[in-house]
Amino acid sequence: MFLVALLPGPALCYNAVLAYIWFYRHRARDASCGPMSTAIAINPRHAAHDEPRHVEQASRLRAIIAALDSSGLRPSLVELPVRAATDAQLRAVHRERMVELVRWSANRASSWIDHDTYTTPATWDAATMAAGTAITVVDAVVGGSVRNAFALVRPPGHHATPGASMGFCLFNNIAVAARHALDGLGVGRVAIVDYDVHHGNGTQDIFFADDRVLFCSTHASPLYPGTGAEREIGTGPGHGTTLNLPLPHGVGDAGFARVFDELIVPAIRRYRPDLILVSAGYDGHWADPLGPLTLSVAGYTALTARLVALAEDVCNGRIALVLEGGYNLKALAACVMASLHVLCRREPGPDPFGPSGEPEPDVSALIARLQHGHPLLAV
Ligand SMILES: [Zn+2]
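FYI, this note's numbering numbers position 113 of the sequence shown as 135, with every residue one higher than the one before it.
Here it is in structure tokens:
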């Protein structure tokens, strides 16, 4: 009751308190991250896809791995061996012509697929392994050999559409994994939550007409790629299974908490997925060079804790994170490490960066519009 009195709004209170109680009850019961619990899978070929003058470079994953090694957490995690995605798995979400274009481009000298998406002679290996890494964690979580997992991958994936690589992304790793869960593992419904600062246009396009996937995206607006308006809610059988939350620049921890508690968590409860996947992009951190939102490490941690608690409630704890963006190396590594601690039910420790300290715009009007206008939320 003390917590309830501190937090504004009934929905916010309800979900925040549930997340708090769940997280700390389980932390108390299972303070150590034992074997067969939380897994990581690291794309073993990621560094072959590198362009040091580009923000999406191999040092991103190297920074995460260094933080993992120095944290003492790594021995507590199950490390999963990774295989490349097959052509059939890629073609389940991408057109054959697009897959062949990546294969052709990547077998030549270093070049560019569009003005911000580069390839190297080893990009095919790196990109197919990235998609395979996402598949690997989904196999482990759905198969029950681990409780939850984090796919540490690059190149990222959520901008890759059915027909085009774009926005640093070659193949849509999380979409390939979600389709594999649905068609290959017999999972009935998947919820994908995308908290990258950019809209996951590719994931949206792939599942826009598919009612087996609920796609929820928080993203800054206006910002690349310019999609993700509130009115984009799905089509045909998928009408109502896309939930877009375009956020004004400067929204941070408080606004995100409200959006999750009052929109995303209720929507997922109503949808009742069998598996939750997270497009875990950390370029919403206030120190990120690409993102105009002002989340802190602690803010991202709180969002991840909500999703882990929600997964426990609605799908037996089955949740897997797949890395997307994040371009301040220290902030990226800190956010990933904090999310891994949450998955392991360990205390993440203090936020090394602290809050942004900037005032936030109010998101009440956006929340009210979607609560009354979105098919999954309207009562
Ligand atoms: Zn991004």
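Quick reminder that beta carbons are idealized off the backbone N, C-alpha and C, glycines included.
- In this structure the stretch 223-235 does not lie against the stretch 343-351, because fewer than three pairs of beta carbons, one per stretch, are closer than 8 Å.
- Ranked by Cα distance from ASP283, the first of HIS396, GLY395, ILE389, VAL168 is ILE389.
- For HIS396, the CB stays at least 8 Å from every heavy atom of ligand 1.
- The alpha helix (DSSP H) runs lying completely inside the stretch 177-231 and spanning 4 residues or more are 195-206, 223-229, given in chain order.
- Excluding the 5 residues flanking it on each side, LEU90 has same chain C-beta neighbours closer than 6 Å at ARG96, in chain order.
- Listed in chain order, the alpha helix (DSSP H) runs fully inside the stretch 283-363 are 287-293, 319-336, counting runs of at least 4 residues.
- According to the DSSP assignment, SER239 belongs to the beta strand (DSSP E) that extends over 235-242.
- By the C-beta density criterion, ALA400 is exposed, having fewer than 16 other C-beta atoms within 10 angstroms.
- When the five nearest sequence neighbours on each side are left out, the beta carbons in the same chain lying within less than 7 Å of the beta carbon of ILE157 are those of ALA107, GLN111, VAL198, ALA199, HIS202, in order along the chain.
- Taking C-beta atoms under 8 Å as the contact rule, ALA148 and HIS76 fail to qualify, at a distance of about 14 Å.
- By the C-beta criterion, the stretch 375-391 is judged not to be in contact with the stretch 232-244, since fewer than 3 inter-stretch pairs fall below 8 Å.
- Around the Cβ of SER361, a 10 Å sphere holds 16 or more other Cβ atoms; the residue is buried.
- For ligand 1, a non-hydrogen atom lies closer than 8 Å to the CB of GLU346.
- Approximately 5 Å separates the beta-carbon atoms of ALA333 and ILE298; this is inside 8 Å, confirming the contact.
- The criterion of a C-beta distance shorter than 9 Å is not satisfied by ARG368 and VAL336.
- With contacts defined as CB atoms closer than 9 Å, GLY347 and ASP218 qualify as a contacting pair.
- Cβ-Cβ separation between ALA353 and ALA309: approximately 5 Å, consistent with a contact (criterion under 8 Å).
- Using a C-beta cut-off of 8 Å, the stretch 306-324 makes contact with the stretch 263-276, since at least three inter-stretch Cβ pairs fall below that distance.
- Between GLN393 and LEU285, the C-beta spacing is below 9 Å.
- Beta-bridge pairing by DSSP links GLY274 to THR316.
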